[in-house]
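Below you'll find the structure, written out as structure tokens, and then a few comments.
Residue numbers (my numbering): 16 to 289.
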């Protein structure tokens, strides 16, 4: 944490706050001074990256705390399609309790861990908005190690405590899930993409995996429609004709429901919505 009374050095670069100019006494902003570059105005609750020095830290001016302007500086962990492993569960837990965790960059957004005592209490909290996404489908595993899944929009992130070389410690492994969560916002796909790689999804976090594939055909009257097939996970449980513009309600084997609609028979685009 950086305040006007402190300095922080990251690599060879020193950062400090200057609040004696036009921002003095104003909650909305503060100047960040950089030892090898011009000062930067940080606006409240707007995150900033040092593109000049590329030090992979997130700067977040959070306004005044106890009468002092405060900037949080968080190392960034990028979560793309690869597994990320964070060392030292005790340290992760301590940082989450104090809202000082690393900034996780996932699905184009920044998040931090918040929680206490155990993984079951953890949430992802968006930076800077502060929206929370609690862990779901939590399970206690063997040797006191546990796991669960975070959901953001249609995206899923599996979190799992794993043994470390030091038997008294554990790591936290974060794995982006390759399938989607079906939500009210829906999932879109086309026949071409569904043929090459069927759209896979769950209707609830931790629920059974479903997939849909389909193709465009003509009937005897030369009217275009879509023939869709639903699988659970590889076993066909429903095949149907889907005319354009007529939503079809589907009941899945786990008794959850969804609506499938052909948006355009020319482009073979469909949408499936919870």
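Backbone N, C-alpha and C define an ideal beta-carbon position, used for all residues, glycine too.
In the structure shown, residue 21 adopts coil according to DSSP, grouped into three states. Per DSSP, the continuous alpha helix (DSSP H) segment holding residue 108 begins and ends at 104-112. A straight-line Cα-Cα distance of about 27 Å links residue 129 and residue 66. DSSP places residue 274 in the strand class (E or B) of the three-state scheme. In the displayed model, residue 173 falls within a strand according to three-state DSSP.
Counting of Cβ neighbours within 10 angstroms places residue 204 among the buried residues, the total reaching 16 or more. Three or more beta-carbon pairs separated by less than 8 Å are not found between the segment 96-115 and the segment 40-51, which leaves the two stretches without contact.
Per DSSP, the beta bridge partners of residue 225 are 216.
Under the DSSP definition of a beta bridge, residue 144 lacks any partner. Straight across, the Cα-Cα distance linking residue 116 with residue 60 is about 17 Å. Rounded to the nearest whole angstrom, the C-alpha separation of residue 273 and residue 219 is 11 Å.
Boundaries of the beta strand (DSSP E) harbouring residue 166: 161-167, taken from the DSSP string. By the Cβ criterion, the segment 181-192 is in contact with the segment 87-102, since at least three pairs of Cβ atoms, one from each stretch, lie closer than 8 Å. Using a Cβ-Cβ distance cut-off of 8 Å, the segment 259-266 and the segment 277-287 are in contact, since at least three pairs of beta carbons, one from each stretch, lie closer than that value. Between residue 270 and residue 222, the alpha-carbon positions lie close to 11 Å from each other. 47 is the residue among 64, 47 and 256 whose C-alpha sits nearest the C-alpha of residue 56. Remark: C-beta atoms of residue 164 and residue 151 approach each other more closely than 7 Å. Boundaries for residue 180: no beta strand (DSSP E) harbours it, and the DSSP string shows neither H nor E there. Sequence-distant Cβ neighbours of residue 58 in its own chain, meaning closer than 8 Å and more than five residues away, are 43, 44 and 76. The DSSP-derived three-state label of residue 281 is coil. The beta carbon of residue 251 is closer than 8 Å to those of 244 and 245 in its chain, skipping five residues each way along the sequence. A Cβ-Cβ separation of about 6 Å places residue 84 in contact with residue 32 under the 8 Å criterion.
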